[in-house]
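Residue numbers (this note's numbering): 1 to 83.
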């Protein structure tokens, strides 16, 4: 039973929260650079939208990975009970 639950210890939600944090930091740096250079506002909006989309995609992928890992763990647990 304890062997079946081992994969759960590999799931670190906190690690996945680093991705949006890094993206936000990059976004702030980009905005500061853009403001300094006085580039067009449209470019800033496009950059922000792209970064938000990237964050959403990363989060969805992370959720899918976690769900798949949980399903695999459940299958292993049920398999060990059946045998």
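Just so you know, even glycine gets a beta-carbon here, dropped at the ideal spot from N, CA and C.
Can you tell me the Cα-Cα spacing of residue i and residue j, whole angstroms?
i          : j          : result
residue 44 : residue 55 : 17 Å
residue 79 : residue 46 : 49 Å
residue 63 : residue 74 : 16 Å
residue 70 : residue 60 : 15 Å
residue 22 : residue 82 : 44 Å
residue 67 : residue 76 : 14 Å
residue 26 : residue 41 : 17 Å
In the DSSP assignment, find the alpha helix (DSSP H) that holds residue i and state where it starts and stops.
i          : result
residue 80 : 41 to 82
Nearest to residue i by CA position, among the options, is which residue?
i          : options       : result
residue 49 : 65, 76 and 31 : 31
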